[in-house]
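Numbering (the numbering used here), first residue to last: 181 to 476.
Quick look at the structure:
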């Protein structure tokens, strides 16, 4: 029989398995205003994203194996390997995930007036479209249907106020549900906390922009590391013509030095005759790197 005074624990009395992972922390500051900071913590291995800031705290964990991206950070940042395409905007998706944890920074309030206006606007537009070139009988039928839909919309809004939005959607009138294609929830309007809006529209875009520049630098360094001489004269001529002569003079042994130069220039922006190549693409620099290659 268990001693009632014996202290009991929820977890079994065995050694816990501890896996140590490495996360990256980005501390953003906005000096000069007296306030303004945000700390972003992201872990590629575990799929965690956490934000602590002057404007609220948010966090969520994804399964990194299910994102379909090379790294979790690539997925979050909306990174595309084809730089001619615009990055994927995942702000609304991520804020929706943050909302799984209810807090003062994520909880929203149902907005009855905006919801009523939105529903009536769509019903009204459909009504005017349906009576174009319609007969008097068809116009009368359309008017009756529109009146019924508006009445159900008002009842739906009232139910959202009295009970719960989810319950109201499940209990909505059949005609209203069919009219909106079973997606009535898309037209429910809610008032978000200011902290939620600031995170979505101010913090995340700045963080993702920085993250994409970091990914671009990492990808550039990786290309440097995978490019080794010798190359044929024809290849060298093409590379020199395109402003990429430095590729022919660089070995993996110099990758760290190259990365430092990239960070010291325009955040890894690779353009012939500017940035990184503007600093290296002289005959003396190329000759010096070739000499280092021979010595190593």
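Ideal Cβ positions, reconstructed from N, Cα and C, are used throughout, including at glycine.
Continuous alpha helix (DSSP H) stretch holding residue i: start and end
| i | result |
| --- | --- |
| residue 299 | 292-310 |
| residue 378 | 374-378 |
| residue 365 | Element bounds for residue 365: n/a, residue is neither H nor E. |
| residue 343 | No alpha helix (DSSP H) contains residue 343, which DSSP labels as neither H nor E. |
| residue 194 | Where residue 194 is concerned, there is no enclosing alpha helix (DSSP H), given that its DSSP letter is neither H nor E. |
| residue 276 | 271-278 |
| residue 257 | 252-257 |
N-terminal and C-terminal residue of the beta strand (DSSP E) that residue i is part of
| i | result |
| --- | --- |
| residue 203 | Counting along the chain, residue 203 falls outside any beta strand (DSSP E), and DSSP gives it neither H nor E. |
Straight-line Cα distance separating residue j from residue i
| i | j | result |
| --- | --- | --- |
| residue 203 | residue 375 | 25 Å |
| residue 224 | residue 399 | 16 Å |
| residue 353 | residue 322 | 18 Å |
| residue 272 | residue 316 | 45 Å |
| residue 285 | residue 381 | 14 Å |
| residue 253 | residue 267 | 13 Å |
| residue 327 | residue 313 | 20 Å |
| residue 334 | residue 303 | 12 Å |
| residue 236 | residue 320 | 53 Å |
| residue 318 | residue 308 | 12 Å |
| residue 199 | residue 191 | 18 Å |
| residue 311 | residue 357 | 21 Å |
| residue 367 | residue 217 | 34 Å |
| residue 363 | residue 385 | 28 Å |
| residue 365 | residue 298 | 12 Å |
| residue 247 | residue 331 | 43 Å |
| residue 349 | residue 288 | 17 Å |
| residue 274 | residue 324 | 42 Å |
| residue 296 | residue 229 | 36 Å |
| residue 369 | residue 220 | 29 Å |
Paired residues, beta bridge with residue i - DSSP
| i | result |
| --- | --- |
| residue 283 | None, per the DSSP bridge assignment. |
| residue 223 | 228 |
| residue 289 | 371 |
Coarse secondary structure for residue i, derived from DSSP in three states
| i | result |
| --- | --- |
| residue 447 | Note that residue 447 scores 42 on pLDDT, short of 50, meaning its location in the model is unreliable and no value can be drawn from it. |
| residue 233 | strand |
| residue 238 | strand |
| residue 218 | strand |
| residue 385 | helix |
| residue 350 | helix |
| residue 360 | coil |
| residue 454 | Its pLDDT being 35, under 50, residue 454 is placed unreliably by the model, and nothing is read from it. |
| residue 439 | Bear in mind that a pLDDT of 48 at residue 439, under 50, signals an unreliable position, so the number given afterwards is only what the model happens to contain. In the structure shown, residue 439 sits in a helix (DSSP, three-state: H, G or I). |
| residue 333 | helix |
| residue 316 | helix |
| residue 244 | helix |
| residue 397 | helix |
| residue 260 | coil |
| residue 355 | helix |
| residue 328 | helix |
| residue 249 | coil |
| residue 266 | coil |
| residue 424 | Note that residue 424 has pLDDT 48, beneath the 50 cutoff, so the model's placement of it is unreliable and no number is given. |
| residue 392 | helix |
Closest by C-alpha distance to residue i, when choosing among the options
| i | options | result |
| --- | --- | --- |
| residue 278 | 307, 300 and 241 | 241 |
| residue 290 | 342, 246 and 358 | 342 |
| residue 226 | 245, 351 and 212 | 245 |
| residue 281 | 255, 309, 239 and 301 | 239 |
| residue 371 | 293, 299, 249 and 318 | 293 |
| residue 378 | 356, 195 and 234 | 234 |
| residue 383 | 201, 196 and 206 | 206 |
| residue 255 | 212, 392 and 208 | 392 |
| residue 397 | 261, 265 and 196 | 261 |
| residue 283 | 359, 373, 305 and 201 | 373 |
C-beta neighbour in chain C for residue i, strict 8 Å
| i | result |
| --- | --- |
| residue 209 | Among the protein chains of the structure shown there is no chain C, as only one such chain exists. |
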